[in-house]
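Asks: In the numbering used here, the protein residues as written are 3 to 745. Ideal placement from N, C-alpha and C gives every residue a C-beta, glycine not left out.
1) Using a Cβ-Cβ cutoff of less than 6 Å, which residues in the same chain neighbour residue 387 once the five nearest sequence positions on both sides are dropped?
2) Please state whether the Cβ-Cβ distance between residue 716 and residue 682 is less than 8 Å.
3) Just to confirm before moving on: does the CB-CB distance between residue 486 and residue 600 stay below 8 Å?
4) So what does DSSP say about residue 205, is it helix, strand or coil?
5) If we count the other Cβ atoms within 10 Å of its Cβ and call it buried at 16 or more, is residue 302 buried or exposed?
6) Under 8 Å, with one C-beta from each stretch per pair, do the segment 569 to 589 and the segment 499 to 508 reach the 3-pair mark?
7) When you compare only the Cα positions, how much space is there between residue 434 and residue 602?
8) Once the 5 residues before and after residue 634 are set aside, which same chain residues still bring their CB inside 7 Å of it?
9) Could you give the distance in angstroms between the alpha-carbon of residue 385 and the alpha-carbon of residue 378?
10) Under a three-way DSSP split, which group does residue 595 fall into?
11) Give me the Cβ distance between residue 689 and residue 651, rounded to the nearest whole Å; I'm assuming they're in contact under 8 Å.
12) Please state the DSSP three-state secondary structure of residue 192.
13) Which residue comes first and which comes last in the alpha helix (DSSP H) that contains residue 640?
14) In this structure, does DSSP put residue 554 in helix, strand or coil?
15) Expressed to the nearest angstrom, what Euclidean distance is found between the alpha-carbon atoms of residue 550 and residue 540?
16) Can you tell me which residues form a DSSP beta bridge with residue 688?
17) Check residue 724 in the structure and name its three-state DSSP category.
18) Hey, would you say residue 497 sits closer than 8 Å to residue 418, going by beta carbons?
19) Hey, residue 747 and residue 581: beta-carbon distance below 8 Å or not?
20) Applying the criterion that 16 or more other CB atoms from any shown protein chain within 10 Å of the CB defines a buried residue, is residue 299 buried or exposed?
21) Could you spell out where the alpha helix (DSSP H) holding residue 2 opens and where it closes?
22) Quick one: Cα of residue 744 to Cα of residue 707, how far?
23) Can you tell me whether residue 733 is buried or exposed? The criterion is at least 16 other CB atoms within 10 Å of its CB, across all chains shown.
24) Which term fits residue 350, buried or exposed, when burial requires 16 or more other beta carbons within 10 angstroms of its beta carbon?
25) Could you tell me the distance, in whole angstroms, from the CA atom of residue 309 to the CA atom of residue 446?
26) If we call anything under 8 Å between Cβ atoms a contact, is residue 535 one with residue 575?
27) Name the two residues that bound the continuous alpha helix (DSSP H) containing residue 584.
28) Comparing C-alpha positions only, which one of 658, 60 and 440 sits nearest to residue 628?
29) Roughly how many whole angstroms lie between the Cα atoms of residue 143 and residue 129?
30) Give me the Cα-Cα distance between residue 499 and residue 727, rounded to the nearest whole angstrom.
31) Excluding the 5 residues flanking residue 408 on each side, which residues of the same chain have their C-beta closer than 7 Å to its C-beta?
32) Whose C-beta lies closer than 8 Å to the C-beta of residue 545 among residues of the same chain, with five residues either side of it excluded?
33) Three or more C-beta pairs closer than 8 Å, one from the segment 459 to 479 and one from the segment 390 to 400: is that the case here?
34) What is the rounded straight-line gap between the Cα of residue 672 and the Cα of residue 359?
35) Please state whether DSSP places residue 350 in a helix, a strand or coil.
36) Going along the chain, which residues of its own chain have a beta-carbon closer than 8 Å to the beta-carbon of residue 383, five neighbours each way excluded?
What follows is the structure in structure tokens.
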């Protein structure tokens, strides 16, 4: 090379270096203020109340915060290091060198991976699988984001180990090399950047994007509009928000993929040629490329049915499933795929006209296809939606049954969840004996609540808004048919499932069961309607004795402990119906005792059942083990089903020596016992020992001719205290009852 050429090369090299320096300065002066404002605006947008409950916006919010840190700290440091001479703080402090490049590399990679999480969230949200959709939640996002940030910094923990201050041989000046110290580590770091920063996020974004598009296409093919249009403006706004999130995500992914891959490839190229001999012009070209690429690298849906009240989603559906041949088939894993949706209308002689949305599922066993149909009926004349499952034309048997606290068919099913921080709903439910009084409980409606503790002993669930203190809208979730063979059950994943009791060995062909979700608007109370010689002989003889009321006791034990009633799908109903028909022929009424909620519901079809026990045994009270007289809540259940509540016997005299109860057993408020019995609207039943009856007290309940002075409806708990019971997680806040008499 001639001596005259050398100055020209040096001059051109100096020009390129100057251009690179000015590019960095201009780039930073533009990007820092714009980026700061942009990230602050993004943070403002994603913290709005309308987006706080959207998990994807949480990932965008985290990415915006990381981007703000990168813009306000890393970019100024890069500008000082690369665009001004002799001003690199890292060249004079090894600690600053290590910390700066650890932060730069970690924050730059975190932006990519947070967008990957957003892509994954959109895939989960658009999935037909309930379990996958459940992962698309703010609850999950709040845990994943800090874990991702921690992993992002751990991934670059090697930077402070290997980065150091080197000396430039030509100038003997200290420098903290941005791509890392020369040598093997720089090459390894470059490939690490390519994998961690370039290829892996881009690949994950691509995969999640393709899966999301596939889910969207599936949902279009099975689009349910206008069917199951139980969603109102709230759901439309949710879908609109999801579409906006997808558009934002597409733009972000495109930018990140281009800048990340370009930066990673440039780093590898630089590392490979690092040991090659280059003249000053080639070095300047390399410097120019690194400046441009380095700066550019810093820039950077669901098939379901919901139940909505007042523009708020109260219940989100889960999967449909059936357990047959000792195997679970579920819409969640596509072993029970949804193959079609149709719409018809119909008429019921009791409830009137309805719209019927039919969800058809394909059950394949040993090559044989069975169509399972779920019906969702929207009743014009009733504030309710009923769910009916037709199990198809094949007998469904099991050799290995489930237990009686779970279900073997699932339709419908709903997530037990708190929708967002403004969702303050409570529940109460009836469970166990005495019309569900023994196991009744209440609490907050969220994922930590054990709403159904025992399927076989459980009853319907009442769901309401705690902020309205029981005076607003209420949902009642209850069996609608086959009361002795169906249950509500709760899974470990906090899914409320309705279906046939798990211990039933066989489901007959064309078997249909139903559940009702009844809306009580402004607290209007209602619940859904739904040749045995032994009974004839028994009741005929009893009538001859002068009996006018037959009490069927121990209903719970006969249902739970008797194997045939747990395994034969028709036997439980047949037993109760036969009893009722025989009583009707003879002219006897029936009182249920130790009844489970399913027995009370079954009584809807048995007019001769007129009353039911709604309290524990009086002995519980005398032994000091509980307040047996507190029947205000269980009376609500009995009364709603047309049954009069019975609170058991009582003492009209405080002390009765020789009783079989604890020593010195005492009734301290006998007049209260008489009052509760009177206002319950059913028998006033003194249970005194001989010669211990206080006739003066007892006759306060009736006229001289014995007519009991009862109200028109039973004594029940006021709504405010029911709401407080749930608000305080099942801890009673007292007893305050009301009743009504029309004069």
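Replies: In short:
1) 380 and 519
2) Yes, the Cβ-Cβ distance between residue 716 and residue 682 is below 8 Å.
3) yes
4) The answer is helix: DSSP assigns residue 205 an H, G or I state.
5) Bear in mind that the predicted position of residue 302 carries a pLDDT of just 44, short of 50, making it too unreliable to give a figure here.
6) yes
7) Distance from the CA atom of residue 434 to the CA atom of residue 602, rounded to whole angstroms, is 12 Å.
8) 717, 718, 719, 737 and 739
9) 14 Å
10) Coil at residue 595, not helix or strand.
11) 3 Å
12) Residue state, collapsed to three classes: helix.
13) 636 to 642
14) strand
15) 13 Å
16) 652
17) helix
18) yes
19) Summary: the structure shown does not reach residue 747, with the chain confined to residues 3 through 745, and so no result is reported for it.
20) The pLDDT assigned to residue 299 is 47, lower than 50, so where the model puts this residue is not dependable, and the model offers no usable value.
21) Outside the modelled stretch of the chain, which goes from 3 to 745, sits residue 2, for which no answer is possible.
22) Approximately 22 Å between the Cα atoms of the pair.
23) If you draw a 10 Å sphere on the C-beta of residue 733, you find fewer than 16 other C-beta atoms in it, and that means exposed.
24) exposed
25) 18 Å
26) no
27) 573 to 588
28) 440
29) 17 Å
30) 24 Å
31) Contacts found: 457, 491 and 504.
32) 588, 589 and 590
33) no
34) 56 Å
35) Strand.
36) 353, 354 and 355
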